[in-house]
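S.K.:
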Amino acid sequence: GAVVSQHPSWVICKSGTSVKIECRSLDFQATTMFWYRQFPKQSLMLMATSNEGSKATYEQGVEKDKFLINHASLTLSTLTVTSAHPEDSSFYICSALPALRGEQYFGPGTRLTVT
Amino acid sequence: EDQVTQSPEALRLQEGESSSLNCSYTVSGLRGLFWYRQDPGKGPEFLFTLYSAGEEKEKERLKATLTKKESFLHITAPKPEDSATYLCAVENQGGKLIFGQGTELSVKP
Chain F
66 GAVVSQHPSW VICKSGTSVK IECRSLDFQA TTMFWYRQFP KQSLMLMATS NEGSKATYEQ
126 GVEKDKFLIN HASLTLSTLT VTSAHPEDSS FYICSALPAL RGEQYFGPGT RLTVT
Chain Z
5 EDQVTQSPEA LRLQEGESSS LNCSYTVSGL RGLFWYRQDP GKGPEFLFTL YSAGEEKEKE
65 RLKATLTKKE SFLHITAPKP EDSATYLCAV ENQGGKLIFG QGTELSVKP
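Protein chains in written order, with the numbering used here: chain F, 66 to 180; chain Z, 5 to 113.
This is the structure we're talking about:
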């Protein structure tokens, strides 16, 4: 139980284009989902917290107009990287928080490379 | 400022050689301390949650303990398949997870 999927698992895009990443909780409902970014040999950094049906809360230093987050249902959140640049290349990981449980369950991650 | 520090950064063990990983933390109102395992190119896999000092949790060769300032992840008689990066995270009063840098464990046969 508590499985989270992400799609795509990896994506290569050209500078200036936009990329959408999906995060789904497969066997539970999640009122809250989180988006993290991880650079090589570094730990996870929280980008934003997404609550179903409301606007996402972004961490300091994260551009909300660049990283668009939509949490349209209890099982799906999306992250769109708009006008991507090479410095946005990273490993993006989502997590979902089941109701009545304290631990976040993480997706397998999406490797984004911007050329 | 909420902070999590893990040590050592990297640990190399021989198969069967037991050891411990450390996670020191400062947080405003600890709601929970979490251990995750992360394999290269994968997302973190949940291992344990600890909520109060003195609490212990076990799973196969792993045992996690918690004090008011730190947590230990003890690995007993590790096997090569235990090789991974182990992440410690604390949840603060705002409900956010703050992660440490991780300990990269390598177990050689």
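By construction, the Cβ of each residue, glycine as well, lies at the ideal position given by its N, Cα and C atoms. Model, not experiment: these values are computed from the prediction.
1. Please report the straight-line C-alpha distance between Z/Trp39 and F/Thr145, rounded to a whole angstrom.
2. Just the C-alpha distance for Z/Leu66 and Z/Ile79, rounded to the nearest angstrom, thanks.
3. Report buried or exposed for Z/Pro48, applying the criterion of at least 16 other Cβ atoms within 10 angstroms of its Cβ.
4. I'd like to know if the region 153-161 of chain F and the region 98-107 of chain F are in contact, where contact means that at least 3 CB-CB pairs between them fall below 8 Å.
5. Buried or exposed: which applies to F/Ser115, given that a residue is buried once 16 or more other Cβ atoms fall within 10 Å of its Cβ?
6. Who are the neighbours of Z/Thr53 on chain F, taking C-beta pairs under 7 Å?
7. Counting contacts by CB-CB distance shorter than 9 Å, is Z/Lys46 in contact with chain F?
8. Give me the Cα-Cα distance between Z/Leu17 and F/Ala137, rounded to the nearest whole angstrom.
9. Just to check, is the beta-carbon of F/Leu139 closer than 8 Å to a non-hydrogen atom of the ligand MN?
10. Could you pull out every unbroken beta strand (DSSP E) segment of at least 3 residues lying fully inside the region 77-133 of chain F, listed in chain order?
11. Name the chain Z residues whose beta carbon is nearer than 9 Å to that of F/Gly172?
12. Mapping DSSP to helix, strand and coil, what is Z/Glu85?
13. What is the DSSP secondary structure of F/Pro152, reduced to helix, strand or coil?
14. Drop a sphere of 10 angstroms on the beta-carbon of Z/Val8, count the other beta-carbons inside from all chains shown, and report buried for 16 or more, exposed for fewer.
15. Among F/Ser108, F/Lys85, F/Cys78, F/Trp75, which one has its Cα closest to the Cα of F/Leu133?
16. So, are the CB atoms of F/Ser108 and Z/Leu91 less than 9 Å apart?
17. In the region 92-113 of chain Z, which residues sit with their C-beta less than 7 Å from some C-beta in chain F, listed in chain order?
M.R.: Walking through what the data contain:
1. F/Thr145 has its alpha-carbon roughly 29 Å from the corresponding atom of Z/Trp39.
2. Inter-residue distance for Z/Leu66 and Z/Ile79 is about 5 Å (C-alpha atoms, whole angstroms).
3. Buried, since its Cβ has 16 or more Cβ neighbours within 10 Å.
4. The region 153-161 of chain F vs the region 98-107 of chain F: in contact.
5. Classification for F/Ser115: buried.
6. Residues of chain F whose Cβ lies closer than 7 Å to the Cβ of Z/Thr53 are, in chain order, Gly167, Glu168.
7. Answer yes: the Cβ-Cβ gap between Z/Lys46 and chain F drops below 9 Å somewhere.
8. CA-CA distance, Z/Leu17 to F/Ala137, rounds to 46 Å.
9. Within the structure as shown, the ligand MN is missing, as the structure has no ligands at all.
10. Taken in chain order, the complete beta strand (DSSP E) segments of 3 or more residues contained in the region 77-133 of chain F are 84-90, 95-103, 110-116.
11. Here the neighbours are Gly47.
12. In this structure, Z/Glu85 counts as helix in the three-state DSSP scheme.
13. Here residue 152 of chain F turns out to be Glu, not Pro, going by the sequence shown. In this structure, DSSP gives F/Glu152 a helical state, which the three-state scheme calls helix.
14. Note on Z/Val8: 16 or more other CB atoms within 10 angstroms of its CB, so buried under the neighbour-count rule.
15. Cα-wise, what sits closest to F/Leu133 is F/Lys85.
16. Between F/Ser108 and Z/Leu91, the gap from beta carbon to beta carbon is short of 9 Å.
17. Sequence-ordered contacts of the region 92-113 of chain Z with chain F read Lys100, Leu101, Phe103, Gly104, Gln105, Gly106 [C-beta pairs closer than 7 Å].
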